[in-house]
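The numbering of the sequence shown is full-length UniProt numbering, which starts it at 1 and goes up by one. Cβ atoms here follow ideal geometry from the backbone N, Cα and C, with glycine treated the same way. Here is the structure we will look at, set down as structure tokens.
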Amino acid sequence: MPAVEDAGSGCELRPQDSVSLLAMASPVRRSLKTHLPFPRLHVHVLTVPKNVRERNAIRLMWRGTASTPVPVNLSFVMCLPNSTESLTKETHEHSDLLFLECEEGYLRGLLTLKVVAAMKVWRRAATDSDLFFKVDDDTFIHVSRFLEEVTHYWRLHGGFLYLGVEVEPKERAGELSKWSEPDDIYKEAKWPRYMAGGPGYVLGKGLVARILDQGLPQKYPVWNEDVAQGVWIQELGRGGVTVQLVNVSGTEGYGKPPLNYCSGPWRDFNVLLVHLVNYTEMQCLSSLVLRNDANAD
1 MPAVEDAGSG CELRPQDSVS LLAMASPVRR SLKTHLPFPR LHVHVLTVPK
51 NVRERNAIRL MWRGTASTPV PVNLSFVMCL PNSTESLTKE THEHSDLLFL
101 ECEEGYLRGL LTLKVVAAMK VWRRAATDSD LFFKVDDDTF IHVSRFLEEV
151 THYWRLHGGF LYLGVEVEPK ERAGELSKWS EPDDIYKEAK WPRYMAGGPG
201 YVLGKGLVAR ILDQGLPQKY PVWNEDVAQG VWIQELGRGG VTVQLVNVSG
251 TEGYGKPPLN YCSGPWRDFN VLLVHLVNYT EMQCLSSLVL RNDANAD
């Protein structure tokens, strides 16, 4: 009997559906009981040294969490550069840069190795957090609503939560692109369900511990980091671990024509995770969140 359960209630979105996002009904807001515990969330934003403007926009985006009951720790994750001189000022001002022993890149598994390195560092220091959230530095997050969803599902599923924008299983036959994987790494005809890497995904502490303790990144060194998580989660399920998959509203950002995220009334913006947003759009959206004016354009 499969041990991977689908606990999601969010809207299921495909990349090609993103043009219709603003026409969707606004999701129901969670009314969270404040006497119950809140999860401690560690946000790991994958970035590279040159993306200073993106990091500043993300800091603005998360600034409002100071008034929420969910403790949030924010880290910008990058591989240790040859020289950190250009980052010295930023490090002193913000103290939120996390340097790892890895090599920057996307192809041939480099990004997977970077994510695994972040998971290992977090696991060693995770006494003060419950959830590992990996996200790209070009993703806008509707923080308050996202934290409501994360809190709701963490209270239900605890350390075995796997939450994000779900990608349905895909046939592997005929894959010909820069994202293609070697056949000897994963021999099954279909990729498993997984959460898209760009918009980001949340892993409970119990899942991170089992993925690392069982050596799944070494057994299945899948090149694409989001697909890799899906493979490792599938293996945990086959081994008897009950993993709770939760799909939330979001987009990978590859729809055509692209959304103009800063047009139309704010009340119609109902997406939790939006990938492929530039820093100007992110600042615009963050300012709308802070204004909290349903009629704002």
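Within a Cβ cutoff of 8 Å, which residues of the same chain sit near Ala-196, ignoring the five residues on either side of it in sequence?
Along the sequence shown, read from residue 1 onward, the residue named residue 196 stands at position 196. Hits under 8 Å: Gly-164, Val-165, Glu-166, Val-167, Asp-226, Gly-250, Glu-252, His-275.
Is the distance from the Cβ of Trp-77 to the Cβ of Leu-98 below 8 Å?
Here the question's residue 77 lines up with position 77 in the sequence shown. Here the question's residue 98 lines up with position 98 in the sequence shown. First, the residue type needs correcting, since residue 77 is Val and not Trp in the sequence shown. Yes, they are a contact pair.
Do you know offhand how far Gln-214's Cα is from Cys-284's?
Translated into positions along the sequence shown, residue 214 becomes position 214. Translated into positions along the sequence shown, residue 284 becomes position 284. Distance between the alpha carbons of Gln-214 and Cys-284 is about 43 Å.
Exposed or buried, what is Ser-210 when buried is set at 16 or more other beta-carbons lying within 10 Å of its beta-carbon?
Within the sequence shown, residue 210 is the residue found at index 210, counting from 1. The displayed chain sequence assigns Arg, not Ser, to residue 210. Classification for Arg-210: buried.
Does the beta-carbon distance from Phe-146 to Leu-46 come in below 8 Å?
Looking up residue 146 in the sequence shown gives position 146. Looking up residue 46 in the sequence shown gives position 46. Going by C-beta atoms, Phe-146 is not nearer than 8 Å to Leu-46.
Whose C-beta lies closer than 6 Å to the C-beta of Ser-26 among residues of the same chain, with five residues either side of it excluded?
By 1-based counting over the sequence shown, the position of residue 26 is 26. For Ser-26, the predicted structure reports a pLDDT of 35, less than 50, and the residue's modelled location is therefore unreliable. A value from the coordinates is still provided. These residues qualify, in order along the chain: Asn-270.
Whose C-beta lies closer than 7 Å to the C-beta of Arg-155 among residues of the same chain, with five residues either side of it excluded?
Looking up residue 155 in the sequence shown gives position 155. Leu-36.
In its own chain, which residues sit with a C-beta less than 6 Å from the C-beta of Leu-111, not counting the 5 before and 5 after it?
Taking the first residue of the sequence shown as 1, we reach residue 111 at position 111. Cβ within range, chain order: Glu-225.
In terms of residue numbering, what span does the alpha helix (DSSP H) encompassing His-44 cover?
Here residue 44 is taken as the residue at index 44 of the sequence shown, counted from 1. No alpha helix (DSSP H) contains His-44, which is instead part of the beta strand (DSSP E) from 41-46.
Tell me which residue opens and which closes the alpha helix (DSSP H) that Val-165 is part of.
Working through the sequence shown from its first residue, we reach residue 165 at position 165. From DSSP, Val-165 is part of no alpha helix (DSSP H); its letter is neither H nor E.
Quick check on Lys-50: buried or exposed, where buried means 16 or more other Cβ atoms within 10 Å of its Cβ?
Working through the sequence shown from its first residue, we reach residue 50 at position 50. Classification for Lys-50: exposed.
Going by beta carbon distance, what residues of the same chain come within less than 6 Å of Asn-278, once the five residues before and after it are set aside?
Sequence index remark: in the sequence shown, residue 278 carries index 278 (1-based). Around Asn-278: no qualifying Cβ.
Gln-229: buried (16+ other C-beta within 10 angstroms of its C-beta) or exposed?
By 1-based counting over the sequence shown, the position of residue 229 is 229. With 16 or more other Cβ atoms within 10 Å, it is buried.
Between Val-208 and Lys-120, what straight-line distance do the alpha-carbon atoms span, to the nearest angstrom?
Taking the first residue of the sequence shown as 1, we reach residue 208 at position 208. Taking the first residue of the sequence shown as 1, we reach residue 120 at position 120. Distance between the alpha carbons of Val-208 and Lys-120: 9 Å.
Which residues bound the beta strand (DSSP E) around Val-246?
The residue you call residue 246 lines up with position 246 of the sequence shown. It spans 243-247 - the beta strand (DSSP E) in which Val-246 sits, taken as one unbroken run.
Per the DSSP calculation, Tyr-201 is bridged to which residue(s)?
Here the question's residue 201 lines up with position 201 in the sequence shown. In the DSSP output, where bridge partners are listed per residue, Tyr-201 has Lys-134, Gly-164.
Is the CB-CB distance between Ser-129 and His-44 below 8 Å?
In the sequence shown, residue 129 corresponds to position 129, counting from 1. In the sequence shown, residue 44 corresponds to position 44, counting from 1. For Ser-129 and His-44, no; Cβs fall outside 8 Å.
By alpha-carbon positions, which one of Leu-236, Thr-280, Glu-181, Glu-103 ends up nearest to Asn-56?
One-based indexing of the sequence shown puts residue 56 at position 56. Per the Cα distances, Thr-280.
Rounding to the nearest angstrom, what Cα-Cα distance links Ile-233 and His-92 in this structure?
Counting from one through the sequence shown, the residue named residue 233 turns up at place 233. Counting from one through the sequence shown, the residue named residue 92 turns up at place 92. C-alpha separation (whole angstroms): 38 Å.
Run through the DSSP bridge pairs and tell me what Thr-127 is partnered with.
By one-based count along the sequence shown, residue 127 stands at place 127. DSSP lists no partner for Thr-127.
State the DSSP-derived secondary structure class of Asn-292, mapped to helix, strand or coil.
Taking the first residue of the sequence shown as 1, we reach residue 292 at position 292. Three-state result, Asn-292: coil.
Please check the pair Phe-38 and Val-70, which I expect to be a contact at CB under 8 Å, by giving their CB distance rounded to whole angstroms.
In the sequence shown, residue 38 corresponds to position 38, counting from 1. In the sequence shown, residue 70 corresponds to position 70, counting from 1. Right, their Cβ atoms sit about 5 Å apart.
Considering Cα atoms alone, identify which of Ser-86, Trp-62, Val-248, Gly-109 is closest to Tyr-153.
In the sequence shown, residue 153 corresponds to position 153, counting from 1. Per the Cα distances, Val-248.
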